[in-house]
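Residues in the sequence shown are numbered consecutively from 1, following UniProt numbering.
A virtual CB, placed ideally from N, CA and C, is assigned to each residue, including glycine.
Bear in mind the structure is a predicted one, so any value in this text is a computation, not a measurement.
One structure is given here, and the rest of the page talks about it.
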Amino acid sequence: MRISFCQALLTGAIILNLLILYYVSRAQQQMMEKRREQSKGLKKASLPVAGLGAMGNLVGGSIVGGAKMGGLEANMRGPRVTILVLEFEDFENYVGDVARSFLRQRPELPFLAVAESPPYPPLALPEGARLLVLSPSPDQPPQTHRPEFNVQTEFVLLVPDGVELDHGRQIERLIRELEGEGGGPVRLVAAPVLTRSAVQCLHLRVNLREWTATYTPAASGSSGSVCTALQGDAVVLIRTEDLFNLSVPLGRPLMSSLFVQTSLRGWKVKLLEGPSFSASHRPLFSSAHNQWKADSRLKDATNHLMRSFGLKRVVLPDGRDQWFGCSKETARCFGTVRDDTPEYLYLERWTPPCCMRSLRETTKYVINILENSGVRYWLEGGSLLGAARHQDIIPWDYDVDLGIYLEDIPNCDYLKNLDSGSLVDANGYVWERAVEGDFYRVQYSEANHLHVDLWPFYPRNGVMTKDTWTEHKQDVEFPEHFLQPLVPMQFAGITAYGPNNHRAFLELKFGEGVIENPQYPNPAKKRLDRSRTLGP
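Right under this line is the structure:
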């Protein structure tokens, strides 16, 4: 068989790509081995040096036995920490001053300013400081832009813009504190920056299944606070290996990105009472306009970070909510549902909290209109099941179902004229007759299609029935006595109405024990792991 020129060219390109991938992987492996060797060497160097006895213990930059050993330490084992500044703005920053301050006290330490793209105007960095640009360039090898290839030390010190180093012992104190924690849960050590607002120690609980991060204040201890997140200006020390084992080691905003990831790993941060770092450049921005620009960029970066991490709701320490999901003006967080299994279930997540909030809002709105219009309704299907189990919408459900009396439809102005088309009411809700069957749907908005379905039934010989049916489990006939009378039930933050014997009603439609045995709508596609139903 003859091989054409194009086939040969394609084969050569594939082989070349495989070779490049191989050598990049080898380079990464060698880098990690080098770090491990450095770590072993550093542990050996911390022992007394032969010939010096008890007078020869090396404590970086301190005076031991009457002799200053900082220079000897640096010469024997090299710098242990890289200074890294990430969060600064192109249009106004003090990165050059930060570099000069640190290198004046500790000229042997590597100093990296890290930016997503080349800063403009360019940074004026002193000798000994380097700029690392994270965005790739087509004419450069990949390691040029990857921070793990540019940090050769055991530790990384994450420093905010405008911070100054008063004396070298500040860094050594942080290193000693982190080493003193051994292999315990404290994997970061932080020192406050002296500013007008003090840094605060927080507890952070991240629940990815519920798309939520919750911050609460943490109590201070006598020798410093141990917690899972910080709020405010702080200098943070972390082992290089730990930093680059994070999925996003240098995300922005740095504190939010860092502590979301470390808290999910069970790591803690120790906030020391001292040494404090000074910051003469506070506030950072000289004009209200620059402050506005910085605040806008911070907001954009936070939105991008939370969406990339799959966090739709952040509960702040004061109890206020920040939302990063859908709204009335945007599409809902998930697409068309297929096989009764929304896409988020395949990600081991439940209904996003922003969607749940919108469903509750739509439910309250629709029920209020039905009650004021004299339309008899009852909680149906999965919504009744949610009321029985949770007094709320089922945590993984994506719509709300209500049954209504067909004969009451003329009582409601929004329903009686919906033979075709749709109606957008004054509050932006969309009322329509569903194209899939003989029922009605009320959508949250024209953009956001979260909805409440209204299923019309009529009585015939004591049985509630319909003229057309769908494949939904709840869409079956049932005795009218379940609705005589309707009884109040707590649901979605309000008092709604449901069948008078909801257990028998639900078991008629879904089977015996359905309340006590939760399951996803289509177990053939995705089954609920019941061991996690009560967990975070």
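- P118 and P523 have their C-alpha atoms roughly 51 Å apart.
- Here Q143 carries a helix assignment [DSSP, helix/strand/coil].
- Along the length of the region 142-182, whole beta strand (DSSP E) runs at least 3 residues long occupy 155-158, reported in chain order.
- With a cutoff of 8 Å on beta-carbon distance, D161 and F88 are scored as near each other.
- Look at the beta carbons and you see the region 473-482 touching the region 497-512: at least three pairs across the two are nearer than 8 Å.
- Beta-bridge partners of G403 (DSSP): W378, W455.
- From the listed residues A190, L208, E210, D408, the smallest Cα separation to C201 is found for A190.
- Straight-line spacing of the CA atoms in M464 and E477 works out to 6 Å.
- Within its own chain, the residues whose Cβ lies closer than 7 Å to the Cβ of L406, once the five positions on either side in sequence are excluded, are P456, F457, Y458, listed in chain order.
- Looking from the CA of S278, the closest CA among P192, I367, Y94 belongs to P192.
- For Q291, the enclosing alpha helix (DSSP H) has its first and last residue at 288-309.
- Around F334, the same chain offers P342, E343, Y344, P352, C355, Y398 as residues with beta carbons nearer than 8 Å, after the five sequence neighbours per side are excluded.
- Of all alpha-carbon atoms in K293, I515, L174, the one lying nearest the alpha-carbon of K270 is that of L174.
- Less than 8 Å separates the beta-carbon of L230 from that of V199.
- Taking all protein chains shown into account, N93 has 16 or more neighbouring C-beta atoms within 10 Å of its C-beta and is therefore buried.
- Secondary structure at R104: helix, using DSSP grouped into helix, strand and coil.
- Going by DSSP, R527 is part of no alpha helix (DSSP H) at all; its letter is neither H nor E.
- Judged by beta-carbon spacing, F309 lies within the 8 Å limit of V260, meaning their Cβ atoms are closer than that value.
- Counting along the chain, D321 sits inside the beta strand (DSSP E) bounded by residues 321-323.
- Beyond the five residues adjoining it in sequence on each side, L298 comes within less than 8 Å, by CB distance, of P253 in the same chain, given in chain order.
- In the DSSP assignment, I83 is bridged to F111, L157.
- In terms of Cα proximity to E516, the closest of H390, E177, L264, S101 is H390.
- The region 416-446 is shown to contain whole beta strand (DSSP E) runs of 3 or more residues at 422-424, 430-433, 440-443, in chain order.
- E177 and L243 have their C-alpha atoms roughly 17 Å apart.
- Residues E92 of the same chain have their beta carbon placed closer than 7 Å to that of S286, with the five preceding and five following residues left out of the count.
- In the three-state reduction of the DSSP assignment, N368 falls in the helix class.
- Around the Cβ of D453, a 10 Å sphere holds 16 or more other Cβ atoms; the residue is buried.
- The region 314-331 makes contact with the region 202-218, as at least three CB pairs between them are under 8 Å.
- Of the residues assessed, N461 falls on the exposed side of the cut-off, its CB having fewer than 16 other CB atoms within 10 angstroms.
- According to the DSSP secondary-structure assignment, N207 is paired through a beta bridge with T212.
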